[in-house]
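Going letter by letter, the sequence shown gives residues 2 to 435 in the working numbering.
Notes follow the structure.
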Amino acid sequence: MTQIAILGGGMAGYGAAHRLYSEGASSIIFEKNAYHGGHTMSHRDEFGFVFDEGPHISFTKDERIQKIFAESINQEYETINAKVNNYWNGQYWIKHPAPCNLYGLPTDLVVRILRDLIDVQYRPYGEINNYEDWLIATYGLTFAKTFPMEYGLKYHTTQAGNMTTDWLGPRFYQPKIEEVLQGALTPYSPDVHYVSHFRYPSKNGFVSYFNKFLHWSDIKLSHELVKLDPKTHELHFTDGTIVQYDHVISSLALPELIPMIVGVPQEVIEATKQLACTNCVTVNIGVNRRDISESHWTYFYDHDIFFTRVSYPHMQSPHNAPSGMGSIQAEVYFSKKYRPLDRRPEDCIQPVIDDLRRCGLLSEDDEIVSSHARLLPYANVIFDLDRPAALTCVHGYLDEIKVAYCGRYGEWGYHWTDEAFKSGENAAQKILES
Ligand SMILES: Cc1cc2nc3c(=O)[nH]c(=O)nc-3n(C[C@H](O)[C@H](O)[C@H](O)COP(=O)(O)OP(=O)(O)OC[C@H]3O[C@@H](n4cnc5c(N)ncnc54)[C@H](O)[C@@H]3O)c2cc1C
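Next comes the structure, spelled out in structure tokens:
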């Protein structure tokens with residue numbers, strides 16, 4: 002029987018398994034962790050708080066994927082209208098997206114934003130070579146520099162001028178001038194965020210979406226790949242096991258996979274070194290009350306606030322926190338290439354708590370029931386200007402040696418869970434066709 006090996010037991014790995022299973026082909030998933038789920042893992046702490054590895058919600062518009070996810074948890078999910086807000090300049094809380102919700106910001110700033118925005122409507126910006134150009138062309142100079150460029154530097158760890166625009170997708174709402182004026186003159190604005198509503202499993206966190214995926218493939222947990230030989234078709238694992246494959250599909254992060262390949266050319270190693278991604282420290286806090294925020298997540302622009310984004314897992318499902326308690330997850334971003342991690346993850350806890358107090362999300366008398374920090378070594382791919390050429394070289398090599406790649410870190414893209422799943426399906430489809 003043909004041996005199809007899938008490397009990695011996250012969304013992409015299971016997407017591949019799903020496609021193969023649907024065609025009656027068997028596969029084996031090799032996963033380094035002692036659990037499946039990859040980045041969608043959910044962790045329950047000793048007090049009963051459930052935290053995902055970064056805030057995870059399902060907002061796919063693909064009805065086929067919605068159905069697959071929903072069936073896997075017996076339709077037991079919450080459907081929630083997303084409320085999102087922003088915190089800016091040490092005191093302003095405004096609804097998201099910011100350009101449609103300028104009401105209440107300092108008048109001189111609003112005037113400058115409107116002037117520049119109107120200006121770019123009538124005097125097109127010119128050639129767009131990077132994300133900074135795109136922001137200025139879309140929102141005008143003042144808004145671009147005050148909001149998305151500041152946030153982007155915290156989130157992506159590099160300047161907007163060093164980034165491409167091929168990742169934008171629906172992420173940035175491009176309002177009509179009437180919408181901006183309405184949101185500047187009145188506190189009322191329509192909900193136009195690209196995530197209008199989302200689903201989240203009622204119990205046991207986001208990873209529950211895998212509940213019924215597990216029979217699609219045999220999974221070997223605690224199997225960490227250390228060597229892949231494309232000539233002999235061998236996979237070597239830390240425990241000394243060697244497995245022979247006919248076809249292999251990898252969802253491993255390219256910077257992990259490439260150095261393990263026997264005979265990989267130096268230029269491919271060098272190209273891989275150019276691939277940048279953020280690392281994220283999530284600080285998870287359990288508190289003795291639930292009324293922390295009315296929003297599901299908040300963006301923080303100020304550079305003297307330690308974290309970039311904060312979410313409230315008990316708002317995704319009430320079962321994410323013990324009765325009467327609430328939870329906060331703060332994300333702090335670093336990157337090897339642009340902003341190296343300068344402390345131990347646990348040393349992020351106190352600065353997060355201090356700044357949650359400073360911006361008023363926590364008060365001095367709140368009881369902090371639980372606090373943990375977790376490092377995600379691979380968070381978001383950075384779409385810097387080095388990425389396109391480097392990725393063409395790396396993917397070209399993998400195509401040559403017939404190692405199929407998929408998922409957020411195999412394709413080295415900005416995939417959400419549904420896209421990672423479909424990326425795995427596509428990789429499997431190519432093998433079925435071959
Ligand atoms: C902070 C954050 C928030 C996010 N929020 C959302 C959201 O709200 N909604 C959404 O849809 N998506 C969200 N995502 C994206 C989502 O997490 C990814 O799309 C998805 O989890 C990627 O799945 P994957 O299978 O491609 O990668 P992974 O989940 O990383 O799977 C790769 C697997 O390979 C395994 N592996 C690694 N090395 C080895 C080795 N040597 N041997 C064997 N196995 C190995 C890993 O343990 C892992 O299980 C978010 C991501 C982050 C970082």
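Just so you know, even glycine gets a beta-carbon here, dropped at the ideal spot from N, CA and C.
- When C-alpha distances from Ala99 are compared across Trp135, Arg409 and Tyr140, the shortest belongs to Tyr140.
- DSSP, reduced to helix, strand and coil, places Lys338 outside both helices and strands of the structure shown, so it counts as coil.
- When C-alpha distances from Leu103 are compared across Ile262, Thr147 and Thr61, the shortest belongs to Thr147.
- Excluding residues up to 5 positions away in sequence, nothing lies with its Cβ nearer than 8 angstroms to the Cβ of Ser324 in the same chain.
- Judged by DSSP in its simplified three-state form, Leu362 adopts coil rather than helix or strand.
- Where Phe52 is concerned, the enclosing beta strand (DSSP E) starts and stops at Val51 to Asp53.
- Here Thr418 is buried. Its C-beta has 16 or more other C-beta atoms within 10 Å.
- Take the alpha-carbon of Pro125 and the one of Phe199: they are about 36 angstroms apart.
- Close CB contacts of Tyr93 within its chain, under the 7 angstroms cut and outside five residues either way in sequence, are with Gly105 and Leu106 (chain order).
- Scanning the region 93-154 for uninterrupted alpha helix (DSSP H) segments of 4 residues or longer gives 108-123, 132-140 and 142-147, listed from N- to C-terminal end.
- Per DSSP, Ser435 is not a residue of any beta strand (DSSP E), being assigned neither H nor E.
- Per DSSP, Asp387 is not a residue of any alpha helix (DSSP H), being assigned neither H nor E.
- Under the three-state reduction of DSSP, Arg344 is assigned to coil, being neither helix nor strand.
- Distance from His224 to Phe31 at the Cβ level is roughly 4 angstroms; contact confirmed, criterion being Cβ atoms closer than 8 angstroms.
- Shown here for Asn131: same chain residues with a beta carbon closer than 8 angstroms to its own, the five before and five after excluded, namely Ala161, Gly162, Asn163, Met164, Thr165, Thr166 and Leu386 in chain order.
- With distances taken between CA atoms, Glu295 lies nearest to Ser328 out of Ser328, Ile306 and Asn280.
- Per the C-alpha coordinates, the member of Pro176, Phe211 and Leu236 positioned closest to Gln245 is Leu236.
- Counting of Cβ neighbours within 10 angstroms places Tyr189 among the exposed residues, the total staying below 16.
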